Structures are given as structure tokens and as C-alpha cells.
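If you read the sequence shown in full-length UniProt numbering, its first letter stands for residue 1, the second for the next number, and so on.
Only one structure is covered here, and it is reproduced in the block below.
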Amino acid sequence: MAANESNPTLKTNKNNETTRCPVRPLANFLPSIWGDRFLSFSFDKSELKALGKAIEEPKEDVRRTLFQYTCLSHTVKTRNFLRVLRIILMILPEHPSDT
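In C-alpha cells, the structure reads:
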């Protein structure tokens, strides 16, 4: 209570009545490493839907290749593994810093 009473401010309402309201002290926090990055973040739903469709298309190919992988010779397994790896790398979206 003492802290609130020591730092009051006066406010007047519609009826010209004056009341005392406590004022919150300002905090002096260190700046965040993220800064204001998330305050200006814009989210494009159409871009997200397009990425979702691009991921869905090769899913069945990857699934089929992985199931075939279990009953093949070592040479064919290696070839199929490289094929799956190539497909996965095609599915992954490019990182913005790569451009």
C-alpha cells in the first residue's frame, strides 16, 4: 500500500470528480535478442497451402519406395536409399538465407 500511495496521480472523470490512481513504475528490461521481429511477422495462408500441396504430392512415392526397400539386395537398397534422399531433399522448402 505504501508504494501505491507514494506515487499517485490525479484523474478527473465525467462528473469532475478527482480520484487518486497509482502509477506503475516503468521497467527497464534489456533488449531481447529477437527484437521486434515477431511484431511485424505476416503470415500468408495461401503460401502455406501451396507448400502443403507440394509436400502431399510425392508422399506416396516415398512411402512406396520405403516399403520396397525392405526386401531388396544391397545394391538396389543403396540405389533406392539415394532416390528417397533425393525426393526428401526436393520436398524440403528452401531456406530463405539460401537465396
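Glycine included, C-beta positions come from ideal geometry on N, C-alpha and C.
Just so you know, these numbers come straight off a predicted model, no measurement behind them.
Within-8 Å CB hit, residue i to chain B
i   : result
P93 : The displayed structure is made up of one protein chain only, and chain B is not part of it.
Between the CA atoms of residue j and residue i - distance to the nearest angstrom
i   : j   : result
K49 : E57 : 13 Å
L82 : H74 : 12 Å
N28 : L51 : 42 Å
L85 : K53 : 20 Å
A2  : T12 : Reliability fails at A2, whose pLDDT of 46 lies under 50, so the model's placement of it is uncertain and the value that follows must be treated cautiously. Their Cα atoms are separated by approximately 23 Å.
V76 : T65 : 11 Å
T78 : L39 : 47 Å
D36 : L30 : 13 Å
Q68 : K59 : 14 Å
Nearest-angstrom Cβ-Cβ length linking residue i and residue j, presumed shorter than 8 Å
i   : j   : result
L91 : I55 : Contrary to the premise, residue 91 reads as Ile rather than Leu in this sequence. Contact holds; Cβ gap of about 6 Å.
I87 : D61 : 6 Å
heavy atom of the ligand HEM below 7 Å from residue i C-beta
i   : result
F67 : Looking for the ligand HEM in the displayed structure turns up nothing, as the structure carries no ligands at all.
Residue i burial status per 10 Å Cβ neighbour count (16 or more: buried)
i   : result
K14 : exposed
Indicate whether the contact test is met: 3 or more Cβ pairs, each with one atom in the segment 22 to 29 and one in the segment 38 to 49, closer than 8 Å. no
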